[in-house]
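Mapping of the sequence shown onto the working numbering: position 179 corresponds to residue 726, and the numbering continues sequentially without gaps.
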Amino acid sequence: MGAERAKVAVEAALSESGVEMLVSTGLAGGCAPGLTAGSVLEASWVVDAETGERFPTYGTQGTEPAVVLATTDTVAGVQQKAELARRFGAAMVDMEAASVARLAQALGLRFRSIKGISDESDMEMSSLQAFAGELGTFRTGAFALHTALHPIEWRQALVLGRNSARALAGLETTLRGVLGEL
548 MGAERAKVAV EAALSESGVE MLVSTGLAGG CAPGLTAGSV LEASWVVDAE TGERFPTYGT
608 QGTEPAVVLA TTDTVAGVQQ KAELARRFGA AMVDMEAASV ARLAQALGLR FRSIKGISDE
668 SDMEMSSLQA FAGELGTFRT GAFALHTALH PIEWRQALVL GRNSARALAG LETTLRGVLG
728 EL
């Protein structure tokens, strides 16, 4: 997760010949009330929440309603999700799509962003920021130990795990369809 890991992934992809499009895919948090965990959405716009830069995505312009994905540099909590929805009309939030979009634009490549929703707008996620490691890795062991020692957090961890699994399954199905189109 995060901009630095996205850059590393793009560099690896560009080592292959014939790259024509970059796709930012993975999990995102829901900002829009009513957007359910497990849903899969394709963004029509990606906005860098820090700079306000907006990036169009390939093939979705003109579709209504526009689906906006906001990118932040931290795991978004309930208040930040609401603020992103208000400021940018964001349906979802992630930590890397704007970086991938910026790289695609600089390289003259098409760009798409397809995300599975792991957490709804009312699920507090900001505490997960404590487990972000170097270059955006997630320190799973530290998270597991912390959660094991704090039974009050067990339910939320189980819900997040279940929601993430549903989102990833839906994302896999969607991406197989996208790959079939190419």
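Note that beta-carbon positions come from the ideal geometry of N, C-alpha and C, so glycine has one too.
- Around the C-beta of residue 561, fewer than 16 other C-beta atoms lie within 10 Å, and the residue is accordingly described as exposed.
- Within the stretch 548 to 620, the alpha helix (DSSP H) runs of at least 4 residues that lie entirely inside it are, in chain order, 550 to 561.
- In terms of Cβ geometry, residue 594 and residue 617 form a close pair [threshold 7 angstroms].
- Closest in alpha carbon position to residue 571, among 553, 580, 726, 719, is 553.
- Cβ-Cβ distances below 8 angstroms link residue 620 to 549, 550, 597, 642 in the same chain, with the five nearest sequence neighbours on each side left out; the list follows chain order.
- Residue 726 and residue 599 have their C-alpha atoms some 31 angstroms from each other.
- In this structure, residue 578 and residue 640 form a Cβ contact; the two beta carbons are roughly 5 angstroms apart against a cut-off of 8 angstroms.
- Burial state of residue 699 is exposed, judged by a 10 Å Cβ sphere holding fewer than 16 other Cβ atoms.
- Residues 557 of the same chain have their beta carbon placed closer than 6 angstroms to that of residue 650, with the five preceding and five following residues left out of the count.
- For residue 663 and residue 602, the gap between their C-alpha atoms comes out near 19 angstroms.
- Counting only residues of its own chain and dropping the five nearest sequence neighbours on each side, residue 644 has a CB closer than 6 angstroms to the CB of 571, 593, 616, 618, 660.
- Assignment of residue 622 by DSSP, reduced to helix, strand and coil, places it in the coil class.
- When only Cα atoms are considered, residue 584 and residue 714 end up about 7 angstroms apart.
- Between the beta-carbon of residue 656 and that of residue 568 there is about 6 angstroms, and that keeps the pair under the 8 angstroms contact cut.
- In the three-state reduction of the DSSP assignment, residue 711 falls in the helix class, which pools H, G and I.
- Between residue 604 and residue 711, the alpha-carbon positions lie close to 24 angstroms from each other.
- Rounded to the nearest whole angstrom, the C-alpha separation of residue 716 and residue 667 is 17 angstroms.
- Boundaries of the beta strand (DSSP E) harbouring residue 660: 657 to 666, taken from the DSSP string.
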